[in-house]
Structure formats: C-alpha cells, structure tokens
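Novice:
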Amino acid sequence: MTTAQPLDVQPTPLALLLLGREADPRSERGVECPGDLPSPSDPDLVARACAAKERLGDRVFVLGHHYQRDEVIQFADVTGDSFKLARDAAARPEAEYIVFCGVHFMAESADILTTDAQAVVLPDLAAGCSMADMATAEQVAECWDVLTDAGIADQVVPVSYMNSSADIKAFTGRHGGTICTSSNAKRALEWAVEQGEKILFLPDQHLGRNTAVRDMGMSLEDCVVYNPHKPNGGLTAEQLRDAKMILWRGHCSVHGRFSVESVEDVRARIPGVNVLVHPECKHEVVAAADYVGSTEYIIKALEAAPPGSKWAIGTELNLVRRLANRFAAEDKEIVFLDKTVCFCSTMNRIDLPHLVWTLESLADGKLVNRIEVDPETEKFAKLALERMLALP
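Residue numbers (the working numbering): 36 to 427.
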C-alpha cells in the first residue's frame with residue numbers, strides 16, 4: 036500500500052485576489068492597514084464594533100452599499116446605491132467621519148459632495164472597482180485626441196457613469212458633460228443629445244448600449260466600442276464620424292458574467308419565473324429578461340411583487356441573498372440568475388475586521404484610510420455631478 040503524496044498545487048494570483056489575500060497593483064490601491072487588523076475568528080468582533088460606534092456617537096456616519104456583506108450592513112446607518120449614499124453623506128454635515136462601506140470611487144464621490152471639515156474613510160483601501168479602473172485619465176485624454184483628429188470632438192458630449200474615478204468625472208466636467216446613474220441614464224443621454232450630436236459614454240459599454248438602444252430608440256449600428264488598448268481605439272475616423280454612441284470598452288465583472296444561457300436555464304428550472312436584471316448586463320441578456328432596472332428598481336420591484344411570485348435576479352449575490360431572506364415570509368421565491376456563485380470580490384474586501392479596526396482607530400483619535408480628492412479634480416468633478424443633479 037502506498038501513501039498518497041500531497042498535491043503540489045499553488046494558488047494562482049487570481050485565486051488569491053478573489054480570496055482577499057492579495058492585491059492587484061494595476062487596479063487596487065493597497066491593502067495594508069497601519070496597525071493590527073483583528074482576526075476574523077475573534078468572537079468579540081460584533082461587540083467591539085458596537086462599542087466603538089457608541090463611543091463615536093454622532094461623530095461617525097456609516098454608509099453601507101447594497102452589495103456589502105451582512106456582517107457589515109448591520110452597522111450601516113443608511114444603505115443604498117453609490118449616489119444615494121454620497122447624497123446621504125452630504126446631508127449629514129455634523130458628522131465628523133463618514134465611513135463608506137463600499138468601493139473607492141464611491142468614497143471619492145462622498146468626499147466631493149461633503150464639506151472640507153468632514154473626513155471620508157474607506158475601511159480597506161484595496162476595495163476598488165474593476166469597471167472604474169478600466170478607464171484611466173491618460174487613456175481618456177488620448178481618446179479625446181483621437182476624436183479631435185477625427186474632426187468630431189466639438190460634436191461629442193461625454194457622459195460618465197457614477198461608477199468612475201474622480202479623474203474621469205473631472206474630465207467629464209471639463210468637457211461639458213454630465214454624470215449618470217443606472218436610474219437616470221436615459222435622462223442624462225437625452226440631455227446630452229440636446230447638447231451635441233454624439234455621446235462618449237464612460238466606462239461601462241453595456242449600460243451605455245442598453246440605454247441608447249432600449250430606451251432611446253437608437254440601433255446597435257449607431258454604437259461603436261472604443262478600445263483604449265488599441266491604436267485609435269480600434270476604430271477608423273469614418274466609424275467615429277458615423278457613430279452616435281461611442282462606448283468605452285469597460286464592463287462590470289459581476290454583471291458581465293450573466294448570459295442568455297443563464298436566462299434560458301432558469302426559465303426551464305422554474306416555470307413562470309420573472310427574470311429581472313441590472314442594465315450593466317450584456318445587451319442580449321437585457322433583451323432576454325422580463326424586467327431591467329437599477330439596484331433601487333430591483334428592490335422596489337420585489338417589494339411590490341405579489342406573494343407566490345418567482346424571481347430570478349441578475350445582480351450581485353449579497354443583495355440577491357439578502358432580498359431572498361427578506362421576502363421569504365411573503366412566499367416570494369427569489370433566486371440568483373446564474374448557477375455560479377459570484378460576489379463582487381473588491382466590494383467584499385470590506386469585512387467586519389476592517390470595519391472594527393476603522394471604528395476603533397477613529398474612536399481612539401486616529402484618522403485612517405482617508406479618501407481625499409485634490410481641489411482641482413474636485414472642482415470639475417463636482418461640476419459634472421451638479422449638471423446631473425440639475426437634470427429634469
């Protein structure tokens with residue numbers, strides 16, 4: 036009888052990233068805490084978080100994005116999508132510390148909209164957003180040069196999704212554009228069409244395409260995709276001149292996973308199911324779904340759904356699971372659209388140990404992980420955000 040030898044298997048960098056044990060230097064901003072991070076197995080984590088939050092009192096305001104873990108959400112003073120939370124932060128000028136349990140671009144937006152006297156804190160600086168990181172300031176400036184060389188820059192109005200860095204929001208503000216959310220993307224595009232002949236939509240190609248074709252009546256042929264990793268975006272000057280929508284080649288790593296096969300499979304498994312997906316999904320998935328809408332739309336649709344109804348939801352798993360538990364007592368069957376478990380890996384970096392470390396540090400008078408947008412960037416990013424707020 037021979038003894039089995041252990042397999043010489045080493046975890047890949049991607050596996051370590053998804054497990055939260057490594058960082059991707061190309062898209063993340065660091066993971067080290069300047070102090071001792073509590074152990075995830077510490078049985079007193081919840082009590083420690085409660086005690087630190089109580090010590091801080093009204094000096095701290097904790098924001099929790101819908102995609103956060105339940106262990107973190109329980110300590111949020113408000114929950115919501117990225118823009119709602121940034122506005123909630125701005126509505127609490129008395130709070131000295133804004134602890135944003137979300138990702139980096141969300142904390143930047145909160146810093147832009149809050150006062151200089153407030154400090155916005157991100158519990159883990161590695162909580163980035165792969166979509167936001169798909170458009171850098173240098174790449175977008177190069178794209179504008181390409182549009183200028185094609186003779187159309189003066190016809191183009193940039194519209195940037197809220198899920199973008201402060202640098203991209205500032206670029207948008209400088210060039211006469213506006214920001215949008217998944218809830219008001221149609222209104223933003225309608226406004227942009229009134230300002231110019233063409234739209235540069237950053238950084239999520241799927242939201243841009245779905246809004247243009249599904250909501251604005253454009254055709255797929257009206258849209259081209261600008262790839263920042265190819266010369267001239269992989270497009271000819273003629274293609275740029277003929278296009279109405281110039282879509283940046285970016286996407287959400289979670290919503291981009293859903294497929295038409297996922298929709299067909301869940302319909303076969305659950306007769307009578309309603310398929311409800313986020314507009315960050317691919318165009319063919321949106322076309323195959325019964326309902327399409329933002330995170331807030333998804334929540335409201337399930338709140339209004341009749342008892343006994345069945346729903347397959349195409350968005351981040353933490354939220355879907357929370358909604359399934361919430362509405363189980365009302366006999367609403369809610370399942371995740373795909374068979375494969377898919378959390379937002381960077382959003383999930385905000386865990387209870389990081390939150391405890393953050394709250395205890397603040398309670399001890401140590402400001403940690405502050406997110407600050409420089410004044411020049413803030414000026415033009417705020418201009419783009421204010422244009423959005425002024426939309427009818």
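Idealized CB from N, CA, C, for every residue including glycine.
Being a predicted model, the structure only gives us computed values, none of them experimental.
#1: Nearest to ASP112 by alpha carbon, out of ALA303, TYR102, ASP123?
#2: Kindly list the residues whose CB is nearer than 7 angstroms to the CB of GLU411, restricted to its own chain and excluding five residues on each side of it in sequence; keep chain order.
#3: Taking contact to mean at least 3 C-beta pairs separated by less than 8 angstroms, is the region 244–256 in contact with the region 278–297?
#4: Beta-carbon separation of THR207 and ALA419 under 8 angstroms?
#5: Bridge partners of THR213, per DSSP?
#6: Pull up the distance between the alpha-carbon of ILE285 and that of TYR102, whole angstroms please.
#7: Would you call the region 213–229 and the region 305–324 touching, i.e. three or more CB-CB distances under 8 angstroms?
#8: Would you mind listing the alpha helix (DSSP H) stretches within the region 238–321 that are 4+ residues and don't spill past its ends, in chain order?
#9: Per DSSP, LYS417 is paired with what?
#10: So ALA176 is in the beta strand (DSSP E); what residue range does that whole segment cover?
#11: DSSP beta-bridge partners for TYR326?
#12: Write down the C-beta distance between ALA347 and LEU372 rounded to the nearest angstrom, noting that I regard them as a contact closer than 8 angstroms.
#13: Enumerate in chain order the residues of its own chain whose CB-to-CB distance from PHE362 is below 7 angstroms, with the five nearest sequence positions on each side excluded.
#14: CB-CB under 8 angstroms to PRO128, same chain, minus the five flanking residues each way: which ones, in chain order?
#15: With respect to the alpha helix (DSSP H) encompassing GLU368, which residues constitute its N-terminal and C-terminal limits?
#16: Among LEU426, THR393, THR375, MET423, which one has its Cα closest to the Cα of ALA86?
#17: Should THR271 go down as buried or exposed, given a rule of 16 or more other Cβ atoms within 10 Å for buried?
#18: Alpha carbon to alpha carbon, what distance is there between VAL194 and GLY328?
#19: Should ASP366 go down as buried or exposed, given a rule of 16 or more other Cβ atoms within 10 Å for buried?
#20: In the DSSP assignment, the beta strand (DSSP E) including THR393 goes from what residue to what residue?
#21: Shortest alpha-carbon distance to HIS100 belongs to which of THR114, ASP93, PHE110?
#22: For HIS290, does the count of other Cβ atoms within 10 angstroms reach 16, so buried, or fall short, so exposed?
#23: Going by the CB atoms, is the gap between VAL138 and ASN404 shorter than 8 angstroms?
#24: Within 10 Å of its beta-carbon, does LYS374 have 16 or more other beta-carbons around it, so buried, or fewer, so exposed?
#25: I'd like to confirm the pairing. Which residues does DSSP put opposite LEU426 in its beta bridges?
#26: Taking just the CA atoms, how far does ASP189 sit from GLY92?
#27: Hey, how far is the Cα of GLU106 from the Cα of MET169?
#28: Who pairs with GLY349 in a beta bridge, going by DSSP?
#29: Answer with buried or exposed for LYS204, where buried requires no fewer than 16 other C-beta atoms within 10 angstroms of its C-beta.
#30: To the nearest whole angstrom, what separates the beta carbons of ALA167 and PRO238, a pair I think is in contact under 8 angstroms?
#31: Is the beta carbon of ALA201 sitting closer than 8 angstroms to the one on ALA425?
#32: Please name the residue or residues paired with LEU72 in a DSSP beta bridge.
#33: Where does HIS101 sit, in a helix, a strand or coil, going by DSSP?
#34: Could you work out which residue in ALA176, GLY163, ALA185 is closest to HIS210 when comparing CA atoms only?
#35: In this structure, does DSSP put LYS221 in helix, strand or coil?
#36: Once you ignore the five residues that flank GLN230 on each side, which residues in its own chain have a CB closer than 6 angstroms to its CB?
Specialist: Let me lay it out:
#1: ASP123
#2: none
#3: yes
#4: yes
#5: VAL194
#6: First, the residue type needs correcting, since residue 285 is Gly and not Ile in the sequence shown. Going by the C-alpha atoms only, they are around 20 angstroms apart.
#7: yes
#8: 240–245, 272–277, 295–304
#9: According to DSSP, LYS417 bridges with nothing at all.
#10: Taken as a continuous stretch (DSSP letters only), ALA176 belongs to no beta strand (DSSP E), being part of the alpha helix (DSSP H) at 172–184.
#11: LEU311
#12: 5 angstroms
#13: LEU337, ILE369
#14: THR149, THR150, ALA152, GLN153
#15: Segment 368–371 is the beta strand (DSSP E) holding GLU368; no alpha helix (DSSP H) there.
#16: THR393
#17: exposed
#18: 19 angstroms
#19: exposed
#20: No beta strand (DSSP E) contains THR393, which is instead part of the alpha helix (DSSP H) from 387–398.
#21: THR114
#22: buried
#23: no
#24: exposed
#25: For LEU426, which the question treats as bridged, DSSP gives no partner whatsoever.
#26: 51 angstroms
#27: 29 angstroms
#28: VAL312
#29: buried
#30: 7 angstroms
#31: no
#32: Partner(s): none; LEU72 has no beta bridge.
#33: coil
#34: ALA176
#35: helix
#36: VAL192
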